[in-house]
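Asker:
2 protein chains.
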Amino acid sequence: MNTPASLTIGRIAQSAGVAIDTIRFYEREGLLPEPRRRPSGYREYDQGTVSRLRFIRRAKDLGFTLDEIRELLALSAERHGGVEGVRERAAARLKAIDERIAELQRVRDGLSELIDACPGHGAPEDCPILKALTEPRP
Amino acid sequence: MNTPASLTIGRIAQSAGVAIDTIRFYEREGLLPEPRRRPSGYREYDQGTVSRLRFIRRAKDLGFTLDEIRELLALSAERHGGVEGVRERAAARLKAIDERIAELQRVRDGLSELIDACPGHGAPEDCPILKALTEPRP
DNA sequence: CTTGACTCTAGAGTTACATCCAGGGTCTAG
DNA sequence: CTAGACCCTGGATGTAACTCTAGAGTCAAG
Chain P
37 MNTPASLTIG RIAQSAGVAI DTIRFYEREG LLPEPRRRPS GYREYDQGTV
87 SRLRFIRRAK DLGFTLDEIR ELLALSAERH GGVEGVRERA AARLKAIDER
137 IAELQRVRDG LSELIDACPG HGAPEDCPIL KALTEPRP
Chain C
37 MNTPASLTIG RIAQSAGVAI DTIRFYEREG LLPEPRRRPS GYREYDQGTV
87 SRLRFIRRAK DLGFTLDEIR ELLALSAERH GGVEGVRERA AARLKAIDER
137 IAELQRVRDG LSELIDACPG HGAPEDCPIL KALTEPRP
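If you're matching them up, the sequences are chains P and C in order. Going by the working numbering, the first residue of the first sequence is number 37, and it counts up by one from there. Going by the working numbering, the first residue of the second sequence is number 37, and it counts up by one from there.
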């Protein structure tokens, strides 16, 4: 049913929504296997590569680095035990995101307080924002 | 009361909690003024530089870029009208942080759902995490 | 005076993730 | 057959904020 036909790099780039250069970059980085070639040297892909590219894009959206994605791809290919690894990595990512959110929240609250306390005019010495930045921690 | 004494780069690095190279880097980048020099060429600083370095560090912790910090430093030196600018920049930063938190929250929730749905074992085809990453978006 | 810690400069390297370029070959629609 | 779109390689470039190197000069303690 599916087209097992051969696709050029431009076509898969188009349908996966990534740049051609990015695909070659992923190949160099080992995220994509080396594809077969036409006699002319043109790379030939199939639909599977599109899925793989989508995988990479989604994982990146979830905040995984390319190194982590390489791992995920390896795990996803393991018939046995791969799923545990994937779940672990995902949980670790979730934890990292939670920590990042908490940290940003702290920063946000501190900044928000300073802004509320700042009259928005007057002398620099009276600006709580500037004071907070300069003073030897109260 | 304060020591107007001259401090070497190593000393201010120590007391401001930044690396020596970083100080020279900030100088090149215009975040710190060129200090006076001993005849030997050694840089000489005073306590004010330590405050300034602390300012930079704190602002960085709040997520300002060095470009933005350069602006803040300029604004903080303006006798008139600087405070408005500082407050504006701080508000913009707050907005950016809020947006970043919201984005991370979305990612977090998506990932969390996938993890909850994943049994943590079994075949890769049955792992919702892997499925979500690979499938042509439902 | 010697030793070891400190400082100087100019410039290159790092990380992560691409993105762009030149100079050339290939493919396909008309 | 030809124009224009597409693809190839190897290497350079970009961003942000440092970080490091080499080779040489300086300083303070003993």
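Even for Gly, the Cβ is constructed at its ideal location relative to N, Cα and C. Here the structure is a predicted model, which is why all the values come from computation and not from measurement.
Counting only C-beta atoms, is A126(C) closer than 9 Å to chain P at any point?
Answerer: Interface residue, yes.
Asker: Between L89(P) and A52(P), how many whole angstroms is the CB-CB distance? I'm expecting something under 8 Å.
Answerer: With 8 Å as the limit, L89(P) and A52(P) qualify as a contact, their Cβ atoms being about 4 Å apart.
Asker: Taking the alpha helix (DSSP H) that E135(P) belongs to, which residues open and close that run?
Answerer: Where E135(P) is concerned, the enclosing alpha helix (DSSP H) stretches over G118 to A153.
Asker: Would you mind telling me which residues of chain C sit closer than 7 Å to V54(P), beta carbon to beta carbon, in chain order?
Answerer: Residues of chain C passing the Cβ test: none, with the nearest at roughly 15 Å.
Asker: Report the option in D145(P), E135(P), A95(P) and T58(P) whose CA atom is closest to the CA atom of L150(C).
Answerer: It is A95(P).
Asker: Listing by chain order, which chain C residues have their CB less than 8 Å from the CB of D152(P)?
Answerer: In chain order: nothing, as chain C lies at least about 10 Å away.
Asker: Can you name the residues that DSSP bridges to Y81(C)?
Answerer: Looking at the DSSP assignment, Y81(C) forms a beta bridge with L43(C).
Asker: Measure the CB-CB distance between L130(P) and T85(P) and report whether it falls below 9 Å.
Answerer: No, the pair does not count as a contact, with Cβ atoms beyond the cut-off.
Asker: P32(C) versus chain P: which residues are under 7 Å apart at the beta carbon?
Answerer: Any answer about residue 32(C) is impossible in this case: the structure gives chain C only from 37 up to 174.
Asker: For the putative contact between L147(P) and L98(C), defined by C-beta atoms under 8 Å, what is the C-beta separation to the nearest angstrom?
Answerer: Their Cβ separation, rounded to whole angstroms, is 6 Å, which keeps L147(P) and L98(C) in contact under 8 Å.
Asker: Please classify V54(C) as buried or exposed, where buried requires at least 16 neighbouring CB atoms within 10 angstroms.
Answerer: The residue in question, V54(C), is buried, as its Cβ has 16 or more Cβ neighbours within 10 Å.
Asker: DSSP state of E115(P), grouped into three classes?
Answerer: Looking at the sequence provided, one finds Arg at residue 115(P) rather than Glu. R115(P): coil per DSSP, three-state reduction.
Asker: What does the alpha-carbon distance come out to for the pair A126(P) and L111(P)?
Answerer: Taking the straight line joining both Cα atoms gives about 12 Å.
Asker: Using the beta-carbon count (16 or more within 10 Å), is T213(P) buried or exposed?
Answerer: In the structure as shown, chain P starts at 37 and stops at 174, and residue 213(P) therefore has no counterpart that could be examined.
Asker: Which residues, taken in chain order from the segment 91 to 103 of chain P, show a beta carbon closer than 8 Å to some beta carbon of chain C?
Answerer: So the list reads F91, R94, A95, D97, L98 and G99, given in the order they occur along the chain.
Asker: Pull out every residue of the segment 77 to 90 of chain C whose Cβ sits closer than 7 Å to any Cβ of chain P, in chain order.
Answerer: Residues passing the 7 Å Cβ filter: S87 and R90.
Asker: CA-CA distance, A128(C) and S87(P)?
Answerer: Approximately 39 Å, taken between the alpha carbons.
Asker: Return helix, strand or coil for R73(C), following the three-state DSSP convention.
Answerer: Three-state result, R73(C): strand.
Asker: Rank R115(C), C163(C), I56(C) and P75(C) by C-alpha distance to the C-alpha of G117(P) and give the top, closest one.
Answerer: Taking only the C-alpha atoms, the option nearest G117(P) is C163(C).
Asker: Just the chain P side, please: which residues come within less than 7 Å of E120(C) by C-beta, in chain order?
Answerer: Under the 7 Å cutoff, chain P gives G156 and H157.
Asker: Apply the 10 Å Cβ neighbour rule to R72(P) and answer buried if 16 or more other Cβ atoms are within range, or exposed otherwise.
Answerer: R72(P) should be labelled exposed.
Asker: Within the 9 Å Cβ cut-off, does R47(C) reach chain P?
Answerer: Answer no: the Cβ-Cβ gap between R47(C) and chain P never drops below 9 Å.
Asker: Along chain C, which residues have their Cβ under 8 Å away from the Cβ of Q141(P)?
Answerer: Chain C residues near Q141(P): I137.
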